[in-house]
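> Chains as they are written, first to last, in the working numbering: chain Z, 237 to 368; chain C, 21 to 508.
By construction, the Cβ of each residue, glycine as well, lies at the ideal position given by its N, Cα and C atoms.
Here the structure is a predicted model, which means the values were calculated and not measured.
Let me give you the structure first, and then I'll get to my questions.
Right, dumping it as structure tokens:
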């Protein structure tokens, strides 16, 4: 089964995204902090990571940078889901201020458009299981 | 000299005359009625060159006929001495400026004036100084006026005239500030009184009606305090600097508004995400007939609806610019209320809530609702910090102290504590360490209420050890605010 890791400090977001992704045929793992997120990413090595930016203690961008720097994890597609910017004005380089870090595979502004989110997932992780 | 040397011994009078004629620090010439120079001293020869057999107008001014309005002619006619400023040429052909004193030479009073004596002194250097001074006075890029003891302006430079109009003879306070009476704390009057330089920042009104901010320096024109007839007022216009200061403040204010709006938008997006999530999960529950999903979705809707209420309430309380409504309250009573309110909530999550009250506390003017909000925010934060910590013996203590005229409420906990980075952000709009649970406005609102009371809030914290918030109110300020409120 294809797996996804959701990293968000907000339990309702985990529940919502989890429900959408389960319906799309993913096994869902969730972490409410970047620290736990990195641990799970190493353990599970998911097919996709959904990542929030604004989190207490350590931001999602910091985890993103660590993921991209880790050879074992660098090729996992990452979808950033945040309320920090609109989809139109999303400027990854302006956020990380480091041109050597490649941008995420997709960005969604909270609250998400479910249909577009599902399409992006299909594109990023081909041949998921059919809906249950 | 050679003709006088031939004489045997000159008389004292003749010797004195000769000595005076030569050594007097003037250019001296004797002139007859036909404008011939008949004698001149060495200073004259040195300044104007060869004079023997030449007319005075030729020597002085290189003219071929007598000067227009010649003062010498007048003295030949009326035997009156005269003083005048003249311009001519020196022996090198360079322009010369000199003061000339003309006096008649006659044997007795009433006799015809056959000769006159002209004593002149070079003033080229003085003229240059005058011109430099004049240029400096007129062109210096600040306002300069000279006022007399009646505060009347007797001189004003170009910059001043340009900005304040024709002002000579008018009083400085009329011109600078459009006032009818002397300004309070007038620095010029202090300079008249003590002879010292004084400086102050002032706001005046220019002739066009616009405000002028300037730094004024008053300086005495005179050596001793009781002899000062005039004061010089020099002002540097700082209107542009003030304008820039205002623009910076405005930009900061707009920046803060932008930050607040962005923070608010972020919080609303999170709540919307929760609400949509709730609807989605309920929809899935209905679709697959799953009661658990229905319950989960409904709970999410409820939770996010409550969050909306908290956010709106907190934001309104933060945005509201109200003055504290003060009444005499015993600070201990406020703490007891909070303890009563939070005891059970704290116990539910295994946190002990305690009070350490100052037994000698007296009633002071406070806004009970405002302080209640502050203590509620601090205590609920402290309980959350204990709940999130690994410490199983979580404890929150509220204490009151009254030291050196300062009333303090202290809320301390042994919870998670904060590192310096988080500590630096706690008073930032919408900053929260509680994820979706907090609105990020509690501490900001607390600080606002404390400031409205004339007090201050401080925090000390160590990661894993705990946090201590102190809100302190100088009682003198509380009493002053209370008096002010009562007088309205």
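1. Let's test the definition: count the other Cβ atoms within 10 Å of the Cβ of residue 300(C) and tell me whether it reaches 16, buried, or not, exposed.
2. Would residue 248(C) and residue 193(C) be called neighbours here (beta carbons separated by less than 7 Å)?
3. Quick one: list the residues of chain C neighbouring residue 320(Z), beta-carbon separation under 7 Å, in chain order.
4. For the beta strand (DSSP E) that contains residue 49(C), what are its first and last residues?
5. Could you pull the start and end residues of the beta strand (DSSP E) that residue 258(C) belongs to?
6. Can you check whether the C-beta of residue 320(C) is within less than 7 Å of a C-beta belonging to chain Z?
7. Counting only runs that start and end within the segment 357-384 of chain C, where is the beta strand (DSSP E) found for 3 or more residues in a row?
8. How about residue 293(C) and residue 317(C): do their beta carbons lie closer than 7 Å?
9. Less than 7 Å between C-beta atoms, sequence neighbours within five positions excluded: which residues of the same chain meet that for residue 465(C)?
10. Any idea if residue 234(C) is buried or exposed, counting beta-carbon neighbours within 10 angstroms, 16 or more meaning buried?
11. My guess is that residue 198(C) and residue 225(C) are in contact by the Cβ rule of under 8 Å, so how many angstroms apart are they, rounded?
12. Is there contact here, the segment 278-285 of chain C with the segment 175-193 of chain C, by at least three beta-carbon pairs under 8 Å?
13. Which ranges does the alpha helix (DSSP H) cover as unbroken runs of at least 4 residues, wholly within the segment 189-253 of chain C, from first to last along the chain?
14. Suppose only complete runs of 3+ residues qualify. What are the beta strand (DSSP E) ranges in the segment 60-109 of chain C, listed by chain order?
15. For the structure I just gave you, are there three or more beta carbon pairs, one from the segment 491-499 of chain C and one from the segment 400-414 of chain C, closer than 8 Å?
16. So the candidates are 363(C), 486(C), 163(C) and 50(C); which of them puts its Cα closest to the Cα of residue 435(C)?
17. At a cut of 8 Å, does the segment 163-177 of chain C reach the segment 253-270 of chain C through at least three beta carbon pairs?
18. Taking 7 Å as the CB-CB cut-off, is residue 297(C) touching chain Z?
19. In terms of alpha-carbon separation, which member of 238(Z), 317(Z), 252(Z) and 313(Z) lies closest to residue 295(Z)?
20. To which residues does DSSP link residue 267(Z) through a beta bridge?
21. Can you pull the chain Z residues whose beta carbon is under 8 Å from the beta carbon of residue 403(C), in chain order?
22. Would a check of beta-carbon distances place residue 266(Z) closer than 7 Å to chain C?
23. Between the C-alpha atoms of residue 214(C) and residue 208(C), what's the straight-line distance to the nearest angstrom?
24. For my contact list, residue 361(Z) and residue 313(Z) are in at a C-beta cut-off of 8 Å; report their separation, rounded to the angstrom.
25. Taking residue 327(C) as the reference, which of 309(C), 352(C) and 291(C) has the closest Cα?
26. For residue 312(C), which three-state DSSP category applies?
27. Buried or exposed: residue 431(C), going by 16 or more other Cβ atoms within 10 Å of its Cβ?
28. For a contact meaning CB atoms closer than 9 Å, what does residue 196(C) contact in chain Z?
29. Compare the C-beta of residue 300(Z) with all C-beta atoms of chain C and state if any pair is closer than 7 Å.
30. When burial is assigned at 16 or more other CB atoms within 10 Å of the CB, is residue 379(C) buried or exposed?
31. With a threshold of 7 Å between beta-carbons, can residue 163(C) be considered close to chain Z, or not?
32. Start and end of the alpha helix (DSSP H) containing residue 359(Z)?
33. Quick one: is residue 342(Z) buried, meaning 16 or more other Cβ sit within 10 Å of its Cβ, or exposed?
34. Going by DSSP, what residues sit across from residue 343(Z) in a beta bridge?
Once the coordinates are examined:
1. Counting from one through the second chain, the residue named residue 300(C) turns up at place 280. Buried, by the Cβ-count rule.
2. If you number the second chain from 1, residue 248(C) lands on position 228. If you number the second chain from 1, residue 193(C) lands on position 173. Taking 7 Å as the Cβ cut-off, residue 248(C) and residue 193(C) do not qualify as a contacting pair.
3. Stepping through the first chain from its first residue, residue 320(Z) is reached at position 84. Within chain C, the residues near residue 320(Z) are 286.
4. Here residue 49(C) corresponds to residue number 29 of the second chain, with the count starting at 1. Run containing residue 49(C): 47-52, per the beta strand (DSSP E) assignment.
5. Within the second chain, numbered from 1, the residue matching residue 258(C) stands at position 238. Element bounds for residue 258(C): n/a, residue is neither H nor E.
6. Along the second chain, one-based indexing puts residue 320(C) at 300. At least one chain Z Cβ lies under 7 Å of residue 320(C).
7. 372-376
8. Along the second chain, read from residue 1 onward, the residue named residue 293(C) stands at position 273. Along the second chain, read from residue 1 onward, the residue named residue 317(C) stands at position 297. No, the Cβ-Cβ distance between residue 293(C) and residue 317(C) is not below 7 Å.
9. Your numbering for residue 465(C) matches position 445 in the second chain. Only 334, 337, 338, 393 and 397 meet the Cβ criterion.
10. Taking the first residue of the second chain as 1, we reach residue 234(C) at position 214. Label assigned to residue 234(C): buried.
11. For the purposes of this step, residue 198(C) is identified with residue 178 of the second chain, where counting begins at 1. For the purposes of this step, residue 225(C) is identified with residue 205 of the second chain, where counting begins at 1. About 5 Å separates the two Cβ atoms, so the contact holds.
12. no
13. 192-197 and 207-214
14. 102-109
15. no
16. The residue you call residue 435(C) lines up with position 415 of the second chain. It is 486(C).
17. yes
18. Indexing the second chain from 1 puts residue 297(C) at position 277. It does; some Cβ of chain Z falls within 7 Å.
19. Taking the first chain and counting its residues from 1, the one referred to as residue 295(Z) is at position 59. Among 238(Z), 317(Z), 252(Z) and 313(Z), the Cα nearest to that of residue 295(Z) belongs to 317(Z).
20. Your numbering for residue 267(Z) matches position 31 in the first chain. The partner list for residue 267(Z) (beta bridge, DSSP) reads 243(Z).
21. Position 383 of the second chain, counting from 1, holds the residue named residue 403(C). Here the premise fails: no neighbours, minimum Cβ distance about 17 Å.
22. As a first step, residue 266(Z) must be located in the first chain, where it is residue number 30. No, residue 266(Z) lies away from the interface with chain C (no Cβ there is under 7 Å from its Cβ).
23. On the second chain, residue 214(C) is found 194 positions in, with the first residue counted as 1. On the second chain, residue 208(C) is found 188 positions in, with the first residue counted as 1. Looking at the two C-alpha atoms, the distance is approximately 10 Å.
24. What you label residue 361(Z) is simply residue 125 of the first chain in a count that begins at 1. What you label residue 313(Z) is simply residue 77 of the first chain in a count that begins at 1. Indeed they touch by this definition, with Cβ atoms about 7 Å apart.
25. Translated into the one-based positions of the second chain, residue 327(C) becomes position 307. Answer by Cα proximity: 291(C).
26. Along the second chain, one-based indexing puts residue 312(C) at 292. Residue 312(C) falls in the helix class under three-state DSSP.
27. Looking up residue 431(C) in the second chain gives position 411. Classification for residue 431(C): buried.
28. Working through the second chain from its first residue, we reach residue 196(C) at position 176. Under the 9 Å cutoff, chain Z gives no residues; its nearest Cβ is about 51 Å from residue 196(C).
29. Walking along the first chain from the start, residue 300(Z) turns up at place 64. For residue 300(Z), the answer is no, since every Cβ of chain C falls outside 7 Å of its Cβ.
30. The residue given as residue 379(C) occupies position 359 in the second chain. It counts as exposed.
31. As a position in the second chain, residue 163(C) is number 143, starting the count at 1. Not closer than 7 Å to any Cβ of chain Z, the Cβ of residue 163(C) fails to qualify, so no.
32. Taking the first residue of the first chain as 1, we reach residue 359(Z) at position 123. Per DSSP, residue 359(Z) belongs to the alpha helix (DSSP H) from 350-360.
33. Residue mapping note: residue 342(Z) aligns to position 106 of the first chain, counting from 1. It counts as buried.
34. By one-based count along the first chain, residue 343(Z) stands at place 107. The partner list for residue 343(Z) (beta bridge, DSSP) reads 316(Z).
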